[in-house]
Amino acid sequence: AAVIQALGAGQADVAWIPAFAYVLANARFGAEARLQVVRSVDRFSILVTRVGPGEPDRPEDLAGRRVAFPADLAGPLRADLVQLLDERAPGWIEVAVASDVEAVFRLVENRDVEAAASRQVYSAPRDLVGDGRKEMEYRRPGTLRETRIVHTSEQPKPELSNVYYGCVMARSDSGVNRLEDLNGQSFAFSDETSTSGHIFARALLNRSGVTLGHTFFAGGHPNVVQAVRDGKVAGGATFYSPPSAANRKDGTLVGDARFLVLKNMATAEERAKLLDEVRIIALTDPIPNDVCCVRRGFSKSVWERFERSMERFLETPDGRSAYYDLVAGVAAEKCTDADFDEFRTALTEAGVSASRLLEAAEEKNVGVMGVCTDPLLPPYRFFPVTTYVSQEIPLMTGAVDLIVAGSQFVNPSLAEVARDWKVTVVPTDGLTQNADPDAFAQKIVEQAVQAFEMRQNITRDIPMVKESAVMGYSA
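Numbering-wise (the working numbering), the sequence shown opens with residue 1 and increments by one.
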């Protein structure tokens with residue numbers, strides 16, 4: 001909401017925002033789409049056959065036999081699999097079908113083919129997404145038991161994608177195997193304004209006829225994963241993207257919200273345990289990737305210079321790394337407002353009120369900012385309101401209700417100014433001494449709420465002043 005308002009007020013010229021936020025910014029303030037994030041997906045190809053006497057158990061056994069081939073399997077991935085079959089199974093017969101899951105359906109239900117080809121991305125052991133075989137298991141329990149994979153391509157092929165998804169997850173031992181199993185059960189959405197973690201996930205549940213029990217907003221995708229893992233809810237909704245080479249490289253393996261928890265785990269054993277405990281059972285409709293947009297009336301010549309500069313930056317190793325860290329992208333492709341018309345239709349069909357969700361975002365009165373912090377440095381990207389040398393100034397605006405202050409680089413005057421302006425100061429000593437950081441965080445939140453209630457009548461005067469800054473340090 002703050003970014004949308006900044007675009008409307010001319011305080012921001014260019015912004016990277018989710019597609020849903022762009023649709024709102026365009027409708028309210030005439031923001032214009034320029035670029036869209038492109039992500040890389042590592043895809044394999046597989047061959048699936050039935051389990052049983054006389055059934056093929058290797059590619060060579062498919063000579064002269066029928067193989068269901070989905071239209072989704074295209075490009076280099078298809079070419080490699082066709083070459084393998086031509087070499088090892090002369091005379092094999094292609095049966096064209098629309099999708100990965102339809103190929104497996106023909107194998108296990110119609111039984112008019114001897115094998116099914118499918119695309120595959122890495123998925124956790126108990127996930128019901130990732131390839132046509134797992135997706136068919138969701139629709140037809142027993143598919144995994146009745147089939148086997150007889151070939152997997154040796155190397156994945158990178159595939160560019162400009163969409164991602166929402167997903168519904170549950171504990172593997174919870175008995176929740178289908179969306180219908182969530183009827184009357186507790187459920188966590190990530191955030192009211194999240195497209196993947198709420199809007200599209202709720203639409204998916206509604207289409208499936210699911211009436212949830214107690215629901216709440218967890219305040220972030222990692223919080224949903226943790227709530228599901230801890231058994232606090234029967235299910236939860238978060239974002240889902242197929243994994244890329246970066247996920248294989250850093251050991252997180254998956255590209256969905258679980259990787260936000262996995263990347264903070266020290267060992268492969270810990271990561272494997274989480275992936276075994278928390279499973280994905282269904283995906284939402286596709287959602288457009290993030291958008292780079294400009295405010296209405298932004299100079300065309302300035303934009304063109306910005307775009308050329310960004311293109312040069314993305315050609316460098318540092319540029320590619322920074323871009324991936326910020327938006328998990330590998331490229332940016334040109335886009336226009338018309339590219340989001342189908343998304344608008346999907347939002348309308350989901351019964352989404354854009355104005356209501358923007359109001360919900362604007363009603364969030366708690367903002368966490370930092371002093372001399374780096375918004376580009378993970379995992380805690382607190383945007384700075386000022387630098388170390390002027391750390392007392394934010395308190396004098398009247399807009400700060402509580403400040404968490406450490407012992408290093410904190411001026412003694414900060415406490416004095418806080419006292420004069422009736423700002424609660426929470427020392428970080430408790431964080432180092434307290435064995436339960438969650439309890440310490442809860443204490444901070446409670447004190448912030450109390451401070452806000454006590455200071456509601458204090459005048460807030462935030463000057464409309466901004467300065468350019470170069471973030472980060474170099475040795």
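We treat Cβ as the ideally placed atom computed from N, Cα and C, and that holds for glycine. In this text the structure is predicted, and so the values were computed from the model without any measurement.
Query                                                                                                                                                                : Result
According to DSSP, is residue 301 part of a helix, a strand, or is it coil?                                                                                          : helix
Should residue 179 and residue 205 be called a contact, given that it needs their Cβ atoms to be closer than 8 Å?                                                    : yes
For residue 346, which residues of its own chain have a beta-carbon under 7 Å away from its beta-carbon, when the five flanking residues on both sides are left out? : 285
Applying the criterion that 16 or more other CB atoms from any shown protein chain within 10 Å of the CB defines a buried residue, is residue 475 buried or exposed? : Unreliable positioning characterises residue 475 in this predicted model, as indicated by a pLDDT of 41, which lies under 50. The coordinate reading is nonetheless provided below. With fewer than 16 Cβ atoms within 10 Å of its Cβ, residue 475 is classed as exposed.
CB residue 287 to CB residue 413, shorter than 8 Å?                                                                                                                  : no
Work out the CA separation of residue 67 and residue 149 for me, nearest whole Å.                                                                                    : 13 Å
Cα separation between residue 335 and residue 293?                                                                                                                   : 10 Å
Less than 8 Å separating the beta-carbons of residue 295 and residue 10?                                                                                             : yes
Please report the residue range of the beta strand (DSSP E) in which residue 238 lies.                                                                               : 235 to 240
Measuring alpha carbon to alpha carbon, tell me which residue in 214, 116, 176 and 229 is nearest residue 100.                                                       : 116
Classify residue 212 as helix, strand or coil using the three-state DSSP reduction.                                                                                  : coil
So residue 372 packs on residue 256, CB below 8 Å; how close in whole Å?                                                                                             : 34 Å between Cβ atoms; not a contact.
Can you look up residue 128 in the DSSP assignment and give me helix, strand or coil?                                                                                : coil
Would you please state the rounded distance, in angstroms, between the beta carbons of residue 69 and residue 89? I believe it to be under 8 Å.                      : The pair is not a contact, with the Cβ atoms about 13 Å apart (cut-off 8 Å).
Does the stretch 42 to 51 come within contact of the stretch 102 to 122, defined as at least 3 CB pairs closer than 8 Å?                                             : yes
Please identify the residue among 279, 93 and 222 whose C-alpha is closest to the C-alpha of residue 122.                                                            : 279
CA-CA distance, residue 20 and residue 26?                                                                                                                           : 10 Å
Mark residue 160 as exposed unless 16 or more other C-beta atoms lie within 10 angstroms of its C-beta, in which case mark it buried.                                : exposed
Pick helix, strand or coil for residue 169, following the three-state DSSP scheme.                                                                                   : strand
In terms of alpha-carbon separation, which member of 56, 271 and 76 lies closest to residue 151?                                                                     : 56
Report yes if the C-beta distance between residue 190 and residue 231 is below 8 Å; otherwise report no.                                                             : no
Looking only at its own chain, which residues have a Cβ that is under 6 Å from the Cβ of residue 132, when we skip the five neighbours before and after it?          : 100, 101, 103, 104 and 118
Note down, in chain order, each residue of its chain lying with its Cβ closer than 8 Å to the Cβ of residue 448, except the 5 sequence neighbours on either side.    : 366, 401, 402 and 424
Taking the alpha-carbon of residue 331 as reference, which of 138, 314 and 269 has the nearest alpha-carbon?                                                         : 314
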